[in-house]
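In what follows, a structure is listed as C-alpha cells, so that the remarks can point back to it.
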Amino acid sequence: MSDESLSRVQRLRAALTTQHLPCDIWLIVAVVALAGLGWVMVSSASVGLLENSYHYSRQHGIFLLLAIVACLFMLCVPLELWRQNAALILLVSIFMLVVVLVIGQEVNGSKRWISLPGPLPSLQVSELAKVGLIFYMAAFMSRFTYELRQRAFTMWRPLAVLAVPASLLFLAPDFGGMVVYAVCVIGMLMMSGASLTLLLGSGSVLGVGAVMMVVMEPYRLARWTSFLDPWADQFATGYQLTQALIAFGRGHVTGTGLGNSVQKLHYLPEAHTDFIFAVVAEEL
Numbered sequence: 007m008s009d010e011s012l013s014r015v016q017r018l019r020a021a022l023t024t025q026h027l028p029c030d031i032w033l034i035v036a037v038v039a040l041a042g043l044g045w046v047m048v049s050s051a052s053v054g055l056l057e058n059s060y061h062y063s064r065q066h067g068i069f070l071l072l073a074i075v076a077c078l079f080m081l082c083v084p085l086e087l088w089r090q091n092a093a094l095i096l097l098v099s100i101f102m103l104v105v106v107l108v109i110g111q112e113v114n115g116s117k118r119w120i121s122l123p124g125p126l127p128s129l130q131v132s133e134l135a136k137v138g139l140i141f142y143m144a145a146f147m148s149r150f151t152y153e154l155r156q157r158a159f160t161m162w163r164p165l166a167v168l169a170v171p172a173s174l175l176f177l178a179p180d181f182g183g184m185v186v187y188a189v190c191v192i193g194m195l196m197m198s199g200a201s202l203t204l205l206l207g208s209g210s211v212l213g214v215g216a217v218m219m220v221v222m223e224p225y226r227l228a229r230w231t232s233f234l235d236p237w238a239d240q241f242a243t244g245y246q247l248t249q250a251l252i253a254f255g256r257g258h259v260t261g262t263g264l265g266n267s268v269q270k271l272h273y274l275p276e277a278h279t280d281f282i283f284a285v286v287a288e289e290l
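Heads up, the numbering used here is the position in the sequence shown plus 6, with the first residue counted as 1.
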C-alpha cells in the first residue's frame, strides 16, 4: 500500500473514531437502526392477529421505551460498580431461575415465564439471568486475564459457575437457553485468551452432552429431525419450518414489499415472534 493510500486510511480512521466521545456512537447507531427495524417488522407481522391490529406494535413500543430507560440507567452507573457487584447480580439471577421453577407460568411444558400483575407482560427470567451471567463472566475474565492465559485450570471456575444456571434451565426444561448460555461463556473465554485446547475439549464434552439430551427426549429428537428435513413431515413437526421456507421463497431477492407478506396471515405460526425473520425475508 502506498503512502498516499495509508494517509487516506489514517484520515478515515481519525474521522470515524469515537475514542474522544463518552460512548461508541456507531454502536448506538447500529442498535437504534436494529430496534427501529424490529419495531416496524413486529407491527407488520402482527397485523390481523388480534381485533386491534396495533396491539403488538404498541406493546413493542413500550418495551423499547423501557429498554431506553434501562440503557440510560446503566450508563449512569460507573463501570467499576457493575464489576464490584457482578457476583451479587449473578446470585440474584440464579435466585430468579429458582423462583420461576416454583411459581412460573408453564407454557408448552416448560416453566420459563413469570406472570406480572395488570397489563404488564410476562417476564422471561432466563433472558435476565443471561445478562447476570455475562456480567459475572466479564468481571471474572477482566480480573483474571493473566491466569486464564497462563494457567489452564483457571478456566474451570467459570465453567463450574455456568453449570449452576444451566442445571436450573435443565429443570425448566429450557434446552435452547442452556445452549445459549454455554455458547456465551465459551465465546467469552475464547476472546479472553483461554487455552484453545481446553476450550475445544470443553466444547466437545458439552456437545456430547447436548446430543445425549436430544436423543433421550422424543420431542427434542423430533425437532432435530424436522430441522434436518422439514419436508418429511411438513404438516406436523416440520410445519413451521416449511412455512418459513415458503416465506423465504416468496420474497426472492427484493422482497414482496413492506406489509405484503402472505405467510403471516395465519399460515406461519409465531410470525411476529420466533419466526419474524421469515416475514422480514418475505417482505424486504
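Built from N, CA and C at the ideal position, the CB exists for glycine as well.
Because the structure is a prediction, the values reported are computed rather than measured.
For residue i and residue j, what's the separation of their Cα atoms in angstroms?
i	j	result
GLY110	MET80	27 angstroms
LEU40	HIS258	22 angstroms
ALA188	LEU247	25 angstroms
LEU168	ARG14	46 angstroms
LEU234	CYS29	43 angstroms
LEU122	GLU112	14 angstroms
ASN91	GLU289	44 angstroms
GLU153	ALA178	34 angstroms
VAL170	CYS77	27 angstroms
ALA73	GLY193	25 angstroms
SER34	SER198	Note that residue 34 is Ile in the sequence shown here, rather than Ser. Between ILE34 and SER198, the C-alpha separation is close to 24 angstroms.
ALA145	ASN58	45 angstroms
LEU18	LEU27	17 angstroms
LEU212	GLY42	36 angstroms
SER3	VAL108	This structure leaves residue 3 out entirely; the chain is present only between 7 and 290.
VAL37	GLY255	28 angstroms
GLU223	LEU87	43 angstroms
LEU175	THR279	21 angstroms
VAL186	THR23	32 angstroms
PHE150	VAL217	32 angstroms
GLU133	ALA277	20 angstroms
GLY261	ALA284	11 angstroms
SER267	GLY215	40 angstroms
GLN25	VAL83	20 angstroms
Counting C-beta neighbours from all protein chains within 10 Å, is the total for residue i 16 or more, i.e. buried, or is it exposed?
i	result
PHE241	exposed
TYR60	exposed
SER148	exposed
GLY115	exposed
ILE31	exposed
GLY183	buried
ILE100	buried
PRO164	buried
ALA200	buried
ALA172	buried
LEU85	exposed
VAL48	buried
ARG118	buried
MET102	buried
VAL191	buried
Leaving aside the five residues before and after residue i along the sequence, list all residues of the same chain whose C-beta is less than 6 angstroms from its C-beta, in chain order.
i	result
PHE281	ALA250, LEU274
LEU96	GLY138, TYR142
TRP230	VAL220
ARG89	ALA145
VAL75	none
Taking the continuous beta strand (DSSP E) assigned at residue i, which residues delimit it?
i	result
GLU112	111-113
LYS117	116-120
List the endpoints of the continuous alpha helix (DSSP H) containing residue i.
i	result
TRP162	162-177
TRP88	85-90
LEU33	31-51
GLY138	131-149
PHE79	61-82
TYR187	181-197
PHE283	282-289
ARG217	Checking the sequence shown, residue 217 turns out to be Val, not Arg. Where VAL217 is concerned, the enclosing alpha helix (DSSP H) stretches over 202-222.
THR248	245-257
Any heavy atom of the ligand ATP closer than 6 angstroms to the Cβ of residue i?
i	result
PHE241	This structure simply doesn't include the ligand ATP, nor any ligand for that matter.
Tell me which same chain residues have a C-beta within less than 7 angstroms of the C-beta of residue i, skipping the five on either side of it?
i	result
GLY244	SER232, PRO236, TRP237, ALA238
ILE252	GLN269
VAL286	MET47
To which residues of the same chain is residue i closer than 8 angstroms at the C-beta, ignoring the five residues directly before and after it?
i	result
GLY227	Note on residue identity: the sequence assigns Leu, not Gly, to residue 227. Excluding positions up to five away in sequence, the list reads VAL220, VAL221.
GLY265	SER50, VAL53, GLU289
MET161	LEU154, LEU195, ALA200, SER201, LEU204, LEU205, SER208
TRP5	Absent from the model: residue 5. The displayed extent of the chain is 7 to 290, so no value can be given.
VAL105	ILE120, VAL131
ALA93	TYR142, ALA145
VAL98	GLY138
Consider the Cβ of residue i: report whether some Cβ of chain C lies at a distance smaller than 7 angstroms.
i	result
LEU247	Checking the listed chains, one finds no chain C in this structure; it contains a single protein chain.
* Asked: Hey, is the stretch 266-284 in contact with the stretch 48-61, meaning 3+ C-beta pairs nearer than 8 angstroms?
  -> yes
* Segment contact flag, the stretch 137-149 with the stretch 56-75, C-beta cutoff 8 angstroms, min 3 pairs -> no
* To do: Please confirm if the stretch 174-182 is in contact with the stretch 193-209, defined as three or more CB-CB distances below 8 angstroms between the two stretches.
  => no
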